[in-house]
Amino acid sequence: MDTSTKRAYKRSCFQGRGLFARWMDHAFFSILGGVCLFILTKSMVLSVALSLATVLFLALWDRRRWSRFERQLWHQAVKAIRRETWLKREAERIRQAGGIVLYPTPDKDELTGLCLRMGQGTEFHCFGEPQPDLSPLCSSLGCKVSFHPWGEGEEPEQKQVIERLKNEAPKQDKGQWRDLLRLPGNRYLMTGCLLLLFSVWLRRALYWRLLGSLCLLIGGLRVSFHRILKT
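With this note's numbering, the residue at position 65 of the sequence shown is 66, and numbering never jumps.
Below, the structure is given as structure tokens:
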């Protein structure tokens, strides 16, 4: 995939957050972890080490998450292309044999209307699991409906898959920069609440409450700005 297509899919993978927003989150929580450790141990070395380790862990976690998401995208695209290839070939064969292809499968009212319009003796063909309630209805009107199990065509070329992913990539709107203000998962609010809760039992409660209040402030501002911009 090209850079713009990959960037669009990465936003979907990470709940609308771009690269800048993700690294801001990583930096915030790594520094927060280092500050918490410094309050407990008064060791600057351990605090810095924890912050660096947290950044590295979050970066590796994001990379693993994107790799799984990308593999899933590719698999779904390949499966869709193979099904479409088979569907076109099968539909052409049915039409050459004088049948009529119905896709997607109609409901009872739609099938009744088709039978009345096309007349008796018409043979309809659908794809997927057989629906027992449609066959008797079709027979009572003098027609016939057959269901064909799904199949798959040939393995597509890599170029076809890439082109499909590019065409189906999420479109970037002009206001997508506002996603930086979003708060997926309420991570800041949850962190602030946990810090305030733990401050009841932990030593140096004032520090924990200050950190918790900071998290709640950041989370509240991000949620408020996001709601204002959405209205």
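The beta-carbon is built from N, C-alpha and C at its ideal position, and this holds for glycine as well.
Predicted, not measured: the structure shown is a model, and the values here were computed from it.
Buried or exposed for A50, going by 16 or more other Cβ atoms inside 10 Å?
Here residue 50 is taken as the residue at index 49 of the sequence shown, counted from 1. Label assigned to A50: exposed.
Can you tell me which of L138, D26, A54 and R23 puts its alpha carbon nearest to the alpha carbon of L38?
Within the sequence shown, the letter at position 37 stands for residue 38. The residue among L138, D26, A54 and R23 with its C-alpha nearest the C-alpha of L38 is A54.
Under the assumption that L117 contacts L142 (Cβ atoms under 8 Å), give the Cβ distance between them as a whole number of angstroms.
By 1-based counting over the sequence shown, the position of residue 117 is 116. By 1-based counting over the sequence shown, the position of residue 142 is 141. That belief holds up - the Cβ atoms of L117 and L142 are roughly 7 Å apart, short of 8 Å.
Taking 8 Å as the threshold (C-beta atoms), are I82 and R18 in contact?
In the sequence shown, residue 18 corresponds to position 17, counting from 1. In the sequence shown, residue 82 corresponds to position 81, counting from 1. Taking 8 Å as the Cβ cut-off, R18 and I82 do not qualify as a contacting pair.
Mind checking K175: buried by the 16 CB within 10 Å criterion, or exposed?
The residue given as residue 175 occupies position 174 in the sequence shown. Reliability fails at K175, whose pLDDT of 48 lies under 50, so the model's placement of it is uncertain and the value that follows must be treated cautiously. Result: exposed.
Excluding the 5 residues preceding and the 5 following V212 in the sequence, name in chain order all residues of the same chain whose CB lies nearer than 6 Å to its CB.
Here residue 212 is taken as the residue at index 211 of the sequence shown, counted from 1. The sequence shown places Leu at residue 212, rather than the Val named in the question. Its chain contains L196 as the residues whose beta carbon lies nearer than 6 Å to that of L212, once the 5 sequence neighbours on both sides are disregarded; these appear in chain order.
With respect to the alpha helix (DSSP H) encompassing P43, which residues constitute its N-terminal and C-terminal limits?
The residue given as residue 43 occupies position 42 in the sequence shown. Before going further, note that residue 43 is Lys rather than Pro in the sequence given. Annotation: K43 is outside any alpha helix (DSSP H) and is labelled neither H nor E by DSSP.
Unbroken beta strand (DSSP E) run spanning S147, endpoints
What you label residue 147 is simply residue 146 of the sequence shown in a count that begins at 1. Under the DSSP assignment, S147 falls in the beta strand (DSSP E) whose first and last residues are K145 to H149.
How many angstroms separate the CA atom of Q121 from the CA atom of I163?
Stepping through the sequence shown from its first residue, residue 121 is reached at position 120. Stepping through the sequence shown from its first residue, residue 163 is reached at position 162. Roughly 46 Å between the two C-alpha positions.
Element boundaries [beta strand (DSSP E), containing R125]:
Start at 1 with the first residue of the sequence shown, and residue 125 comes out as number 124. Correcting the residue identity first, residue 125 is Phe in this sequence and not Arg. The continuous beta strand (DSSP E) containing F125 extends over residues E124 to F128.
Below 8 Å, can you find three or more Cβ-Cβ pairs linking the region 146-155 to the region 58-72?
Segments in contact, no.
Based on DSSP bridge pairs, tell me the residues matched to I101.
On the sequence shown, position 100 is the one that residue 101 refers to. DSSP lists F125 as partners of I101.
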